[in-house]
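Note that the sequence shown covers residues 1 to 105 in the UniProt record's numbering. No residue lacks a Cβ here, since even glycine has one placed at the ideal position from N, Cα and C.
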Amino acid sequence: MAIVNVSDQSFTSEVEGQGTVLVDFWAPWCGPCKMIAPVLEELDKELGDSVKIAKVNVDDNPESASRFGVMSIPTLIVFKDGQPVDKVVGFQSKDALKNVVTKHQ
1 MAIVNVSDQS FTSEVEGQGT VLVDFWAPWC GPCKMIAPVL EELDKELGDS
51 VKIAKVNVDD NPESASRFGV MSIPTLIVFK DGQPVDKVVG FQSKDALKNV
101 VTKHQ
């Protein structure tokens with residue numbers, strides 16, 4: 001499954017449905033956000049259709065970031081069937097992220 005870009009307008013339909021979704025709150029000027037992007041690409045290839053990965057640019061979509069209390073970026077939140085169930089802040093290794101996501105599948 002390809003990584004999807006989500007806006008404030010599409011957040012509910014893209015994230016708050018059935019299944020497991022990993023949401024990356026990021027910004028283009030953020031160094032650690034740039035570092036985690038290839039990690040998310042690898043994770044997307046490994047996990048395939050079992051997990052959806054969504055990216056929210058906090059500069060363009062402040063409502064979603066504010067709604068989930070995002071104070072630092074990157075912040076990654078795992079949603080299970082529409083509900084936030086886990087949150088990690090800062091750069092994470094692929095294995096660390098995979099562990100966070102797979103425990104909620």
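Exposure label - residue i; buried when at least 16 CB within 10 Å
i: Thr20; result: buried
i: Thr75; result: buried
i: Asn5; result: exposed
i: Asn99; result: exposed
Cβ-Cβ distance between residue i and residue j below 9 Å
i: Asp49; j: Met1; result: yes
i: Phe91; j: Ala65; result: no
i: Val97; j: Val15; result: Position check: residue 97 holds Leu in this sequence, whereas Val was assumed. No, Cβ-Cβ distance for Leu97 and Val15 is not below 9 Å.
i: Val70; j: Val101; result: no
i: Ile3; j: Glu42; result: no
i: Pro62; j: Asp8; result: yes
i: Ala27; j: Ile77; result: no
Opposing strand residues paired with residue i [DSSP bridges]
i: Thr20; result: Val51 and Lys80
i: Lys94; result: Lys94 is not bridged to any residue.
i: Asn57; result: Trp26
Does the region 84-93 come into contact with the region 49-60, if we say contact requires no fewer than three beta-carbon pairs (one atom in each stretch) closer than 8 Å? no
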